[in-house]
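Asker: Residue numbers (the numbering used here): 26 to 390.
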C-alpha cells in the first residue's frame, strides 16, 4: 500500500503508550436472557486473543470509570436516558426486537460511557492511545434512540464515542477525527454530528441496502449546514476484501493529512472480518492490522472503543488491530483476501463517488 504511513516509523516517539481499559463488569453485565450475538462472551473472546497472541504485557492496563447519569444528557435526550434506566429497573425488557435490556444494563452502560469520556481526555493528557474494551456498543444510537429512521438500535444503548467527542468539544478541543470501521454504518454518530464542523466523521461499512441500518451510510450524505463536508461514508458491497479496504485507507490517509486532527476517536467493529456471521464483508486480519498501524502512524492521541464483532474477528481481527496500534509485527498469519472483479468494480464506484463529493473539502486528488 504505497503512500500510507504504516507502522509508526517517524512518528513512533509521539505515542507514549497503548492502554487497555477493561473491567469485569463488561464480561458479566448486560446479559441477554435468550441466545443473542451481543453477549458477555464477546469480550471474553478478546481477552483470550490477547493472551493467545502474547499481547498482554505489551500494553498498560486501566480500570473503567463510571459516568454520572447526567453525563449522558450531553448527547442524549433526558427522556430517552430515563426510559432506558426504567427499562433496566423492570428488566428483562427490550427497546426493540434487536436490543435487549437486563437489570444491570444501565449500570454497565454508565461504565462504558464514563470510560469513553474519561480516557478520551486522558489520551490527550498522556499523548497515548487508549482502547476501551466495553459493551454494550453504541454507534447506532442517536440523540433520542433510533437514528435516521433506522428500524432498531442494533444492540446499542448509549453512544460512547459520541459522548467522548462531545466532552472534548466542550473542552475546546479542535480537530476531532472519528473513524468508524464497524461493518454496520454508524448512523447514530452521523446523526449527532451531521451539522457541525467540530468533528469529522468517516465510516467504512457494508452498503446499507444489504445490511442494517439500511437507511443511511451512502456517499451523498456529506453533512449539512456548517457541517457540510464533515461527514464521509465509504460503503462496500458484500464480499469486499482487503484490496478494497486498502484503497479506502489510502484515501482516508489523505483526508487525515489535510484535516490534521488533534485527536482520533475510533468506533472499532470487527464484524467486517470474513465469516463474521452477521455481515458479508471479507476482510482478513491484515486489514485490521493496517488500520491499527495507520492510527499509530498518525502520532495523535487516540481513543478506541469497541463496537461490533460477533465471530472470529474478535480474536484474529482484534489481535491484528491491537498489534498495529502497538507497533509490532502482525502475529496473525493469513493470506490477503482478494475481491472478485465484479464486486471490486462496484466497490470502486462507491469509492469514486465519495471522493467526487468530498474532494472540494479535502485535498484528495
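Glycine included, every Cβ here is placed at the ideal spot set by N, Cα and C.
1) I'd like to confirm the pairing. Which residues does DSSP put opposite residue 86 in its beta bridges?
2) Return the Cβ separation of residue 226 and residue 295 in integer angstroms, given the expectation that the two are a contact with Cβ distance under 8 Å.
3) Classify residue 206 as buried or exposed, calling it buried when 16 or more other Cβ atoms lie within 10 Å of its own Cβ.
4) With DSSP as the reference, label residue 267 as helix, strand or coil.
5) Going by beta-carbon coordinates alone, are residue 293 and residue 332 separated by less than 8 Å?
6) Is it buried or exposed for residue 33, if we count other Cβ within 10 angstroms and need 16 for buried?
7) Extract the residue ranges of the beta strand (DSSP E) inside the segment 56 to 124, only unbroken runs of 3 or more that lie entirely within it.
8) Need the endpoints of the alpha helix (DSSP H) that residue 212 sits in, please.
9) Can the beta-carbon of residue 303 be found closer than 8 Å to that of residue 62?
10) Tell me which residues share the same chain as residue 85 and place their Cβ nearer than 6 Å to its Cβ, disregarding the 5 neighbours each side in the sequence.
11) Would residue 203 and residue 177 qualify as a contact pair, given that the criterion is a beta-carbon distance under 8 Å?
12) From residue 97 to residue 171, what distance separates their C-alpha atoms?
13) Leaving out five residues before and five after residue 36 in sequence, what residues of the same chain have Cβ atoms less than 6 Å from its Cβ?
14) Do residue 173 and residue 238 have their C-beta atoms within less than 8 Å of each other?
15) I'd like the ranges of any beta strand (DSSP E) spanning at least 3 consecutive residues and lying wholly in the segment 254 to 323.
16) Three Cβ pairs or more, each shorter than 8 Å: is that satisfied between the segment 238 to 251 and the segment 147 to 163?
17) Where does residue 201 fall in DSSP's three states?
18) Should residue 217 be labelled buried (16 or more other beta-carbon atoms within 10 Å of its own) or exposed?
19) Given that a residue counts as buried once 16 or more other Cβ atoms are within 10 Å of its Cβ, and exposed if not, what is residue 365?
20) Let me know the secondary structure DSSP gives residue 226 once reduced to three states.
21) For the candidate residues 59, 319, 192, whose alpha-carbon lies nearest to that of residue 142?
22) If distances are taken between C-alpha atoms only, which option among 153, 235, 337, 67 comes closest to residue 264?
23) By a C-beta neighbour count over all protein chains shown, 10 Å radius and 16 as the cutoff for buried, is residue 212 buried or exposed?
24) Buried or exposed: which applies to residue 361, given that a residue is buried once 16 or more other Cβ atoms fall within 10 Å of its Cβ?
25) In terms of alpha-carbon separation, which member of 326, 82, 50, 242 lies closest to residue 154?
26) Relative to the C-alpha of residue 179, which candidate in 228, 89, 122 has its C-alpha closest?
27) Just tell me which of 385, 139, 95, 107 has its CA closest to the CA of residue 46.
28) Less than 8 Å between the beta carbons of residue 90 and residue 259, yes or no?
29) DSSP on residue 179, reduced to helix/strand/coil?
30) With DSSP collapsed to three states, give me the class of residue 143.
31) Could you pull out every residue in the same chain whose Cβ sits closer than 7 Å to the Cβ of residue 363, ignoring the five residues on either side in sequence?
32) Please return the same chain residues whose Cβ sits closer than 6 Å to the Cβ of residue 50, not counting the five positions on each side in sequence.
33) Using the C-alpha atoms, what's the distance from residue 374 back to residue 189?
34) Could you check what DSSP says for residue 173 in three-state terms: helix, strand or coil?
35) For residue 382, name the three-state secondary structure that DSSP assigns.
Answerer: Based on what the coordinates show:
1) 45
2) Wrong, their Cβ atoms sit about 20 Å apart, outside the cutoff.
3) buried
4) helix
5) yes
6) Caution is warranted here: a pLDDT of 39 is assigned to residue 33, below 50, making its placement in the model unreliable, and the coordinate value is therefore given only provisionally. That one is buried.
7) 85 to 87, 118 to 121
8) 212 to 218
9) yes
10) 42, 44
11) no
12) 16 Å
13) At residue 36, the pLDDT of 45 sits below 50, so the modelled position is not reliable; the number obtained from the coordinates is stated separately. Hits under 6 Å: 322, 324.
14) yes
15) 256 to 261, 288 to 293
16) no
17) strand
18) buried
19) exposed
20) strand
21) 192
22) 235
23) buried
24) exposed
25) 326
26) 122
27) 139
28) no
29) coil
30) helix
31) 266, 268
32) 133, 136
33) 33 Å
34) coil
35) helix
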